[in-house]
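Asker: Sharing a structure here in structure tokens format.
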Amino acid sequence: MDGQQKLKLTVDDHRNKGLPAIANLFDDLRRELLQFDSICEVPTRPYVGYKYKNSGTGKKLRLFAEIHILREKISVHLRPIEYKASNINVYLFPDTHLWTLRKGIDISTKNELKEALELIRQSYNDVI
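Residues 98 to 225, numbered by this note's numbering, are exactly what the sequence shown covers, in order.
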């Protein structure tokens, strides 16, 4: 591209940002997310987004999770709802960020995957 940086990243570009263990963890997470009903995967420059698409109503796609792959962890941004008890710390981003997905979790091991998926499912349920 004439020396210009790629403008759009693919899912694989994001996957390859992490160490091999994190890439494998993303593969497992992604496999589970793609089984949710009526969703689409949207890779953007900073993250891989997961959106609910309601084909019956004509409503626009609704974002319920952003997956940010870092070298040693996966940061998941979620909708700003009250989440049921979890052993995973759910943190809040400052209001000044003006983000739609204002809560987040970090996962770095397969042991955290099941609980992370439950929190992501709660975020998904908020948009359906």
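All residues carry an ideal CB built from backbone N, CA and C; glycine is no exception.
Since the model is a prediction, treat every value here as computed from it, not as a measurement.
Do residue 173 and residue 201 have their C-beta atoms closer together than 9 Å?
Answerer: On the sequence shown, position 76 is the one that residue 173 refers to. On the sequence shown, position 104 is the one that residue 201 refers to. Contact flag set, yes.
Asker: What are the complete beta strand (DSSP E) segments, minimum 3 residues, inside the stretch 143-209?
Answerer: You should have 145-149, 159-166, 171-175 and 200-204.
Asker: Can you tell me whether residue 195 is buried or exposed, with buried defined as 16 or more other CB within 10 angstroms of its CB?
Answerer: As a working note, residue 195 is residue 98 in the sequence shown. Exposed is the call here.
Asker: Between residue 199 and residue 182, what straight-line distance do the alpha-carbon atoms span, to the nearest angstrom?
Answerer: Looking up residue 199 in the sequence shown gives position 102. Looking up residue 182 in the sequence shown gives position 85. So the alpha carbons of these two residues sit roughly 18 Å apart.
Asker: Would you report the Cα separation of residue 215 and residue 106, rounded to the nearest angstrom?
Answerer: Here residue 215 refers to the residue found at position 118 when the sequence shown is read from its first residue. Here residue 106 refers to the residue found at position 9 when the sequence shown is read from its first residue. Roughly 27 Å separates the two Cα atoms.
Asker: Please list the terminal residues of the continuous beta strand (DSSP E) segment that includes residue 119.
Answerer: Position 22 of the sequence shown holds residue 119. It is not in any beta strand (DSSP E) - residue 119 instead sits in the alpha helix (DSSP H) that spans 117-130.
Asker: Helix or strand or just coil, what does DSSP make of residue 217?
Answerer: Counting from one through the sequence shown, the residue named residue 217 turns up at place 120. Helix, per DSSP.
Asker: The beta strand (DSSP E) spanning residue 136 covers which residue range?
Answerer: Taking the sequence shown and counting its residues from 1, the one referred to as residue 136 is at position 39. Counting along the chain, the beta strand (DSSP E) containing residue 136 begins and ends at 136-140.
Asker: If we call anything under 9 Å between Cβ atoms a contact, is residue 147 one with residue 164?
Answerer: Taking the sequence shown and counting its residues from 1, the one referred to as residue 147 is at position 50. Taking the sequence shown and counting its residues from 1, the one referred to as residue 164 is at position 67. Cβ atoms of residue 147 and residue 164: closer than 9 Å.
Asker: Take the Cβ of residue 135 as the centre, count every other Cβ of all protein chains shown within 10 Å, and call the residue buried at 16 or more, exposed below.
Answerer: By one-based count along the sequence shown, residue 135 stands at place 38. Looking at its Cβ environment, which holds fewer than 16 other Cβ atoms inside 10 Å, residue 135 is exposed.
Asker: Could you have a look at residue 222 and say whether DSSP puts it in helix, strand or coil?
Answerer: Looking up residue 222 in the sequence shown gives position 125. Residue 222: helix per DSSP, three-state reduction.
Asker: Helix, strand or coil: which one does DSSP assign to residue 105?
Answerer: Position 8 of the sequence shown, counted from the start, is the residue given in the question as residue 105. Correct three-state label for residue 105: coil.
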